[in-house]
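Here full-length UniProt numbering is used: the first residue of the sequence shown is 1, the next is one more, and so on. C-beta atoms are modelled at their ideal positions from N, C-alpha and C, and glycine is treated no differently. Presented below is the structure to which this report refers.
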Amino acid sequence: MKGIILAGGSGTRLSPSTISVNKHLLAVYDKPMIYYPLSVLMLAQIEDILIISTPEDVNRFESLLGNGESLGISITYQSQEDPDGIPEALVIGEDFIGDDDVTLILGDNIFYGQGFTTLLRKAIQQHEHATVFGYRVKDPERFGVVEFDERKKVVSLEEKPDDPKSDFAVTGLYIYDHHAVDIAKHLSPSERGELEITDLNKEYLEKQQLDVQLLGRGFAWMDAGTHDSLFEASEFVKNIQQRQGFKLACIEEIAYYMGHIDKQELMQIGHFMAKTDYGQYLIDIANRRHIEQYWEEFDSHPMLEVTKP
1 MKGIILAGGS GTRLSPSTIS VNKHLLAVYD KPMIYYPLSV LMLAQIEDIL
51 IISTPEDVNR FESLLGNGES LGISITYQSQ EDPDGIPEAL VIGEDFIGDD
101 DVTLILGDNI FYGQGFTTLL RKAIQQHEHA TVFGYRVKDP ERFGVVEFDE
151 RKKVVSLEEK PDDPKSDFAV TGLYIYDHHA VDIAKHLSPS ERGELEITDL
201 NKEYLEKQQL DVQLLGRGFA WMDAGTHDSL FEASEFVKNI QQRQGFKLAC
251 IEEIAYYMGH IDKQELMQIG HFMAKTDYGQ YLIDIANRRH IEQYWEEFDS
301 HPMLEVTKP
């Protein structure tokens, strides 16, 4: 399984903040936005990841994350010349995907919840053709909407409908087989002039090859693409971290927890940021005397449900 993060676009909804910086590099409370989708792929045990961004921003992401070696994974980069729609990420990543399946996530999407890692890994293991994730929202007309029958089988998909047939939106997390690349190549642009991910999902639905995994009440899904949603996401992360004592989307912690880096490597990263609460958090983890203490403390961590090595 390969992983792709689409972190391009012009970020116009966040202007003027994004005039000189890619929105996915903006902070969601105490870390860059890109850390959140990256943490999802890492928790899904995906170690080969492609980040797609604008030509002027690729180097900025590379300066932040490098080739992934410090996290025990592989990160490569490609450019999206123009924001021509989500499916274009699959076309751009054609050589990267090859004959593998791929998990695609949007760079401004944030997921949180007890059992999310287990649900995601199970979806990947059971996945055959295409899997998307549905989430109940109060304003479905703003999203791609999925309709179910009484057996919870997918009946239809609509992009930003005036009269939604359900209140379940399709989130920015998708799992596809490698045939998605060819499907994306043959899509026609919508009235907006972009390739629509809903059209790609419809192709799988028509072949009865689309599965929808629902995220229930215990989950939170946020799209941090507007000023209000970015602020709300930061407040959410701040409140969870301060009340429960662990950090969301701490990619170095995840790398350590999953055995990609050792204690000394984690300590070195922590010391590099020692003047920040984030750095001190990493140092504190590295200073634990026994790894068993770490497992016990984070046994119920909503974003760190991994198999002990």
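Inter-residue CB distance, residue i and residue j (contact presumed, cutoff 8 Å)
i      : j      : result
LEU106 : GLY172 : 3 Å
LEU41  : MET33  : Not confirmed; about 14 Å, so no contact.
ASN253 : ILE283 : For the sequence presented, residue 253 should be read as Glu rather than Asn. In fact, because the Cβ distance is near 11 Å, the residues do not count as touching under 8 Å.
ILE175 : ALA249 : ILE175 to ALA249, Cβ: 20 Å. No contact.
GLN213 : ARG121 : 11 Å between Cβ atoms; not a contact.
LEU77  : PHE96  : Per the sequence shown, the amino acid found at residue 77 is Tyr instead of Leu. Not a contact, Cβ separation roughly 10 Å.
GLU196 : GLY93  : Not a contact, Cβ separation roughly 18 Å.
ALA7   : SER53  : 5 Å
Exposed unless 16 or more other CB atoms sit within 10 angstroms - verdict on residue i
i      : result
GLY3   : buried
HIS186 : exposed
THR276 : exposed
GLU158 : buried
SER79  : exposed
PHE272 : exposed
ASP177 : buried
LYS247 : buried
PRO16  : exposed
ILE5   : buried
VAL102 : buried
PRO189 : exposed
GLU237 : The residue you asked about is not Glu; residue 237 is Val in the sequence shown. So VAL237 ends up on the buried side.
ALA184 : buried
HIS227 : exposed
VAL181 : buried
LEU65  : buried
GLU88  : buried
Proximity test, residue i beta-carbon vs the ligand COA heavy atom, cut-off 8 Å
i     : result
GLY85 : Looking at this structure, you won't find the ligand COA or any other ligand, since it has none at all.
Cβ neighbours of residue i in the same chain (closer than 7 Å, five flanking residues each side left out)
i           : result
residue 311 : Outside the displayed range of the chain (1 to 309) lies residue 311, so it cannot be described from this structure.
LYS202      : LEU157
ALA224      : VAL28, MET33, ASP108, ILE110, LEU230, ALA233
ASP57       : ASN22
GLU235      : none
ILE142      : Going by the sequence as given, residue 142 is Arg instead of Ile. Closer than 7 Å at Cβ, skipping near neighbours: LYS160.
Sequence-distant residues of its chain with Cβ nearer than 6 Å to residue i (five each side left out)
i           : result
LYS23       : GLY11, LEU14
TYR135      : ALA169, THR171, LEU215, TRP221
ILE261      : GLY72, ALA255
THR198      : GLY144, LEU157, GLU159
GLY218      : GLY113, GLN114
residue 315 : The structure shown does not extend to residue 315, since the chain is modelled only from 1 through 309, so no value can be given for it.
GLU297      : Low confidence applies to GLU297: its pLDDT is 49, below 50, so where it sits in the model is not reliable enough to give any reading.
Through-space distance from residue j to residue i, alpha-carbon basis
i      : j      : result
ASP100 : MET1   : 6 Å
LEU230 : ASN109 : 10 Å
GLN280 : GLY270 : 6 Å
GLY9   : ARG151 : 38 Å
LYS153 : LEU119 : 18 Å
MET267 : ASN287 : 8 Å
PRO309 : LYS138 : Its pLDDT being 38, under 50, PRO309 is placed unreliably by the model, and the measurement read from it follows with that caveat. Rounded to the nearest angstrom, the two C-alpha atoms are 41 Å apart.
LEU104 : GLU194 : 17 Å
SER39  : ILE251 : 6 Å
TYR278 : LEU200 : 39 Å
SER70  : SER20  : 27 Å
ASN59  : VAL155 : 43 Å
GLY245 : LEU90  : 38 Å
ALA274 : LYS207 : 53 Å
LYS31  : THR18  : 17 Å
ILE124 : VAL132 : 11 Å
TYR204 : GLY98  : 19 Å
GLU191 : HIS127 : 32 Å
ASP163 : GLU265 : 53 Å
LYS263 : TYR35  : 21 Å
PRO83  : PRO37  : 19 Å
ILE51  : ARG243 : 32 Å
Cβ-based neighbour list, residue i, same chain, cut-off 8 Å, excluding 5 preceding and 5 following
i      : result
SER166 : PRO140, VAL145, VAL146, GLU147, PHE148
THR307 : The predicted position of THR307 is uncertain, since its pLDDT is 44 and thus under 50; no value can be drawn from it.
SER74  : GLU47, ASP48, ILE49, ASN67, GLY68
SER300 : Reliability fails at SER300, whose pLDDT of 45 lies under 50, so the model's placement of it is uncertain and no value is given.
HIS179 : HIS129
ILE240 : TYR112, LEU248
GLN209 : GLU128, HIS129, ALA130
Any beta strand (DSSP E) of 3 or more consecutive residues that is wholly inside the region 95 to 157: 102 to 106, 109 to 113, 130 to 136, 144 to 148
Beta strand (DSSP E) runs wholly inside the region 214 to 300, at least 3 long, in chain order: Counting only runs of 3+ residues, the beta strand (DSSP E) found wholly inside the region 214 to 300 occupies 219 to 223, in chain order.
Segments assigned alpha helix (DSSP H), at least 4 residues, entirely inside the region 57 to 81: 58 to 65
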